[in-house]
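Chemist:
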Amino acid sequence: MDLDETTRLIRAAAERAATYHASLPERGVAPTPASLAALAEFDEPFPERPAAADDTLAMLDRLGSPATMATTGGRYFGFVNGAVLPAAMAAHILATAWDQNAALSAMSPLASRVRSVVSRWLVDALRLPAGSEAMFVGGATVANLCGLAAGRDFVLSQVGWDAAGDGLIGAPPVSVIVGEQAHSTIAKSLSIIGLGRKRVIVAPTDDQGRIIASRLPSVDGPVIVSTQAGELNTGAFDPFDEIIDWARQRNSWVHVDGAIGLWAAASPARRHLTAGMNGADSWATDGHKWLNVPYDSGIILIRDAALLRPTMSARAGYLPEGDLDPMHHTPQSSQRARAFDAWAALRTLGRSGLADLVDRCSDHAQRFAAGLRAAGIDVLNEVVINQVLVGFADDAATDRVLEHIQRSGECWCGGTMWRGRKAMRISVSSWATTEADVDRSLAAIIAARDAAC
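The opening residue of the sequence shown carries number 679 in my numbering; numbering runs sequentially from there.
1. Quick one: is Trp961 buried, meaning 16 or more other Cβ sit within 10 Å of its Cβ, or exposed?
2. Taking the alpha carbon of Ser869 as the point to measure from, which residue in Gln1010, Gly751 and Ala827 has its own alpha carbon closest?
3. Answer with buried or exposed for Lys876, where buried requires no fewer than 16 other C-beta atoms within 10 angstroms of its C-beta.
4. What do you reckon, are the CB atoms on Gly878 and Val854 nearer than 8 Å?
5. Considering only C-alpha positions, which residue in the set Arg1118, Ile1055, Trp1096 and Pro1009 is nearest to Cys1131?
6. For the putative contact between Gly976 and Gly756, defined by C-beta atoms under 8 Å, what is the C-beta separation to the nearest angstrom?
7. Using CA atoms only, rank isn't needed, just tell me which of Arg981, Gly887, Ala947 and Pro895 is closest to Glu1060.
8. How would you label Gly1098, buried or exposed, when you count the other beta carbons within 10 angstroms and need 16 or more for buried?
9. Taking 8 Å as the threshold (C-beta atoms), are Lys1100 and Thr1092 in contact?
10. Does DSSP put Val1066 in a helix, in a strand, or in coil?
11. Just tell me which of Glu858, Glu726 and Asn956 has its CA closest to the CA of Asp923.
12. Look at the Cβ atom of Asn970, then the Cβ atom of Ala1022, and state whether they are nearer than 8 Å.
13. Per DSSP, what kind of secondary structure is His933 in: helix, strand or coil?
14. Closest to Arg830 by C-alpha separation, out of Gly872, Met767 and Pro895, would be which residue?
15. Output the boundary residues of the beta strand (DSSP E) element that contains Asp682.
16. Report yes if the CB atom of Asp964 is closer than 8 Å to the CB atom of Ala943, and no otherwise.
17. For Pro1132, which residues in the same chain have their Cβ closer than 7 Å to its Cβ, ignoring the five residues on either side in sequence?
18. Between which two residues does the beta strand (DSSP E) holding Lys1100 run?
19. What beta strand (DSSP E) runs, 3 residues minimum, are completely inside the segment 796–842?
Next up, the structure:
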């Protein structure tokens, strides 16, 4: 393929993407049964000969676009999946053409500089301690893993054990304290870094899923405390001041799983929810949730980035070791330059636009809650940010309501378990959601309730 053909193909892809994006307000959120059935056409034998790139692109668009979940539209409220800001989408397309490997500054001085700028902006916007650094990884699971691994190494170093060098065989035991509603990615991360899913100490929580600081356990030795900014069902925030005071008396590490709620710190109206959060040692969040950048874009922020290096660094004679090269501070070696997307989103939004994004989504959640209550539907949580937890008559009724909603295509909400009962979760995370989208979705949810109950 020559340069002219490549240019033409890129333009064709952009035109198809623009057409897809323009269709989002009117199309159903979930794919139709017919569009899903058409995916069988992908199941062809591996081609013996090359195919025209135009034909390949056309087939992907023809079969793929109708079969997508419209997560980047305004009426998808499942799994806290953000949409994609236009500026971030455009930057992503350009950065894909650049094909930069962000692992080392020697590989891409551009990616290195932009990551440094975005790190500074994030620390500023989220009001974290000066000197903290942000590294981009493949989602909040990996971000949590990085924060917990740094915590493991730190607390063991305080008792004279080099976890990065000597491993965990024979190491002093590490106590890990989590709340009853800790996200599943915390357990997964603890499993991967060798601290175990089953060895956690579970602290009791209140009716919103917040750790009750006065009931933290009595522990000795190395301790990690994992807290939450934005519980995945209720959106609740742990009492950081009290927990961190408790942890500091024990020279413990405090990690914040803030996949959703860390962004509340960027809003003057919601910042009070994060009070004391900046006293922690590490923070994990997702750019592809509330910042609305493309997948994947997990972010680990850490007070002292040097504490990531002993475990994460890769050493070889051909590899330079720059001070803050991502390859030496994250699990991956080769990695996409995710910071370009975040830079485009943050620069385009600015401080006030980022706050407005958080506030609009949270206000939409309040609108949902008010409309549901007016219709006689139970709202099970204190709606403090973008999460609305909804209860119906019983588990079977909840299943029926969800089936009606998802099948309708009017909007898409997901199910969850909350304190032993099934519930529906509404997560308003898209920049594209409008009041009209909320009202249209409310009507669909109420109609589903009426049909199913």
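A virtual CB, placed ideally from N, CA and C, is assigned to each residue, including glycine.
Modeler: From the atom records:
1. Your numbering for residue 961 matches position 283 in the sequence shown. By the neighbour-count rule (16 or more Cβ atoms within 10 Å), Trp961 is buried.
2. The residue labelled residue 869 in the question sits at position 191 within the sequence shown. Closest option to Ser869, Cα to Cα, is Ala827.
3. The count along the sequence shown starts at 1 and reaches residue 876 at position 198. Exposed: under 16 other Cβ atoms inside 10 Å.
4. Here residue 878 corresponds to residue number 200 of the sequence shown, with the count starting at 1. Here residue 854 corresponds to residue number 176 of the sequence shown, with the count starting at 1. A small fix is needed here, since residue 878 is Val in this sequence, not Gly. Contact: yes.
5. Numbered from 1 along the sequence shown, position 453 holds the residue referred to as residue 1131. Of the listed residues, the one whose Cα sits closest to Cys1131 is Ile1055.
6. Here the question's residue 976 lines up with position 298 in the sequence shown. Here the question's residue 756 lines up with position 78 in the sequence shown. Between Gly976 and Gly756 a beta carbon distance of about 19 Å is seen, past the 8 Å cut, so the two are scored as non-contacting.
7. In the sequence shown, counting from the first residue as 1, residue 1060 sits at position 382. Looking at the Cα atoms, Gly887 is the closest of the given residues.
8. Your numbering for residue 1098 matches position 420 in the sequence shown. So Gly1098 counts as exposed.
9. Here residue 1092 is taken as the residue at index 414 of the sequence shown, counted from 1. Here residue 1100 is taken as the residue at index 422 of the sequence shown, counted from 1. At residue 1092 the sequence reads Gly, which differs from the Thr that was named. The answer is no: Cβ separation not under 8 Å.
10. Here residue 1066 refers to the residue found at position 388 when the sequence shown is read from its first residue. Val1066 falls in the strand class under three-state DSSP.
11. On the sequence shown, position 245 is the one that residue 923 refers to. Checked all of Glu858, Glu726 and Asn956; the closest Cα to Asp923 is Asn956.
12. To locate residue 970, count along the sequence shown from 1; it is residue 292. To locate residue 1022, count along the sequence shown from 1; it is residue 344. Contact annotation: Asn970 and Ala1022 have beta-carbon atoms that are not nearer than 8 Å.
13. Translated into the one-based positions of the sequence shown, residue 933 becomes position 255. Here His933 sits in strand by DSSP.
14. Sequence index remark: in the sequence shown, residue 830 carries index 152 (1-based). Among Gly872, Met767 and Pro895, the Cα nearest to that of Arg830 belongs to Gly872.
15. Mapped onto the sequence shown, residue 682 falls at position 4. Premise fails: Asp682 lies in the alpha helix (DSSP H), Leu681 to Ser701, not in any beta strand (DSSP E).
16. Position 286 of the sequence shown, counted from the start, is the residue given in the question as residue 964. Position 265 of the sequence shown, counted from the start, is the residue given in the question as residue 943. The answer is no: Cβ separation not under 8 Å.
17. In the structure as shown, the chain begins at 679 and stops at 1131. Residue 1132 is therefore absent and cannot be evaluated.
18. The residue you call residue 1100 lines up with position 422 of the sequence shown. From DSSP, the beta strand (DSSP E) with Lys1100 extends over Arg1099 to Ser1105.
19. 811–815
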